[in-house]
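If you count by this note's numbering, then the sequence shown holds residues 13 to 279, one letter each, in order.
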Amino acid sequence: MAKKKETVGKTIQVAFALCIVCSVIVSAAAVSLRPQQALNQELDIKSNILQAAGMSEPGANRERIEEQFGQFTPRLVDLRTGKFTTPEELGVPDALSYDQYRAAGDPNMSTRLSSAQDTANIRRRAHAATVYILEEDGEMVRVVLPVHGPGLWSTLYGFISLEGDLNTIEGIGFYDHAETPGLGGEVDNPRWKSQWVGQKLYSDDKSEPQIRLVKGGADRSAEDGEHQIDALSGATLTARGVENLVNFWMGEDGFAPFFKNLRDGEA
Ligand SMILES: Cc1cc2nc3c(=O)[nH]c(=O)nc-3n(C[C@H](O)[C@H](O)[C@H](O)COP(=O)(O)O)c2cc1C
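Okay, here's the thing in structure tokens:
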């Protein structure tokens with residue numbers, strides 16, 4: 013039987029057809045996996061909120077994470093007034109759908125900070141943030157707040173959890189950063205994170221947050237020992253970023269007006 017003659021044109025045609033088929037398969041897979049990816053991202057955020065609040069359980073499955081997270085009420089806070097706002101006001105279906113970080117890039121949904129205000133070097137602050145409140149017998153016993161700011165190589169995104177006194181820290185955790193493992197990446201070390209538990213944000217007047225990351229080690233017996241945390245050895249720049257971002261978000265241009273309104277029953 014005569015062998016079919018292969019031509020360059022035919023080879024290109026076959027390669028082209030193969031490319032089309034492959035790209036259709038890849039696109040279909042990407043599109044069909046998108047809802048699952050969004051669900052996983054949402055679950056990751058919930059699990060990080062539980063971690064910051066000291067409520068995460070090792071090996072917890074999706075149902076358990078959802079159950080634990082279900083104890084929190086997500087609420088939207090207008091950072092300009094320090095008062096609760098509504099999803100309708102922000103044009104989102106619910107508090108969980110609001111994306112503070114996307115809003116920070118939109119001039120209509122964020123404020124440019126002056127250099128005097130911008131102590132964490134974040135440039136723009138969204139008008140609103142989602143906070144996660146846990147109540148017992150109608151009393152707020154815990155609130156988890158989003159925080160972010162630059163370290164050395166990257167922006168660190170995380171949560172800080174406070175007790176109902178809005179002063180005692182229950183935990184902190186960063187779910188996204190690109191600091192160097194073993195140096196700035198030690199922000200993820202459970203031993204380092206455990207130092208934050210029980211430390212205080214404010215001194216008696218509750219105006220300016222006082223957190224200090226101390227190079228050479230925190231001195232708990234010092235006058236301001238309840239505000240001190242060990243700096244990260246060999247990673248002073250990441251540590252400074254963490255100190256700045258915590259003090260910014262707990263300060264006047266972050267959540268401090270909201271805390272004041274909560275204390276006064278005016279949020
Ligand atoms: C490869 C490399 C990675 C580094 N990663 C970090 C980091 O993630 N965070 C940080 O603060 N410093 C990092 N540093 C060190 C900084 O350049 C700087 O020396 C350090 O922050 C000073 O901290 P120290 O005073 O505690 O030594 C890194 C240095 C090198 C060479």
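Idealized CB from N, CA, C, for every residue including glycine. Bear in mind the structure is a predicted one, so any value in this text is a computation, not a measurement.
Cα-Cα, which of the options is closest to residue i?
i	options	result
residue 137	221, 241, 111 and 63	111
residue 274	130, 23 and 145	145
residue 147	84, 49 and 60	84
residue 223	260, 279 and 26	260
residue 133	266, 272, 200 and 181	266
residue 202	64, 54, 161 and 131	64
residue 280	58, 46 and 26	Here the chain has residues from 13 to 279 only, and residue 280 is not among them.
residue 205	39, 181, 162 and 82	181
residue 177	191, 155, 189 and 50	155
residue 211	231, 100, 163 and 272	231
residue 114	139, 30 and 101	139
residue 158	184, 164 and 135	184
residue 161	101, 135, 100 and 40	135
residue 106	52, 143 and 93	143
residue 214	191, 189, 175 and 228	175
residue 66	209, 277 and 40	209
residue 271	94, 60, 36 and 68	94
residue 62	172, 189 and 200	172
residue 245	196, 118, 39 and 268	196
Below 8 Å on the Cβ atoms is my contact criterion, and I expect residue i with residue j to pass it. Report the Cβ-Cβ distance as a whole number of Å.
i	j	result
residue 226	residue 242	7 Å
residue 263	residue 235	In fact, because the Cβ distance is near 21 Å, the residues do not count as touching under 8 Å.
residue 247	residue 198	6 Å
residue 96	residue 279	6 Å
residue 194	residue 249	At roughly 15 Å, the Cβ-Cβ gap does not stay under 8 Å, so residue 194 and residue 249 are not in contact.
residue 55	residue 32	So it is not a contact: roughly 35 Å between Cβ atoms.
Helix, strand or coil, according to DSSP, for residue i in the structure here?
i	result
residue 145	strand
residue 252	helix
residue 172	strand
residue 88	strand
residue 47	helix
residue 122	strand
residue 281	No answer is possible for residue 281: the residues shown for the chain start at 13 and end at 279.
residue 23	helix
residue 110	coil
residue 105	coil
residue 74	helix
residue 230	coil
residue 274	helix
residue 237	helix
residue 61	helix
Exercise for the section: Tell me, please, whether the segment 81–89 touches the segment 159–168 by the rule of three or more beta-carbon pairs shorter than 8 Å. Expected result: no
Practice task
Specify whether the segment 231–250 and the segment 142–158 touch according to this definition: at least 3 beta carbon pairs, one from each stretch, less than 8 Å apart.
Solution key: no
Exercise for the section: Could you tell me whether the segment 249–258 touches the segment 118–130, using the rule of 3 or more Cβ pairs below 8 Å? Expected result: no
Handout entry: Heavy atoms of ligand 1 versus C-beta positions, residues under 5 Å
Key = The filter returns 164, 191, 192, 195, 196, 246, 247, 248, 249 and 250, in chain order.
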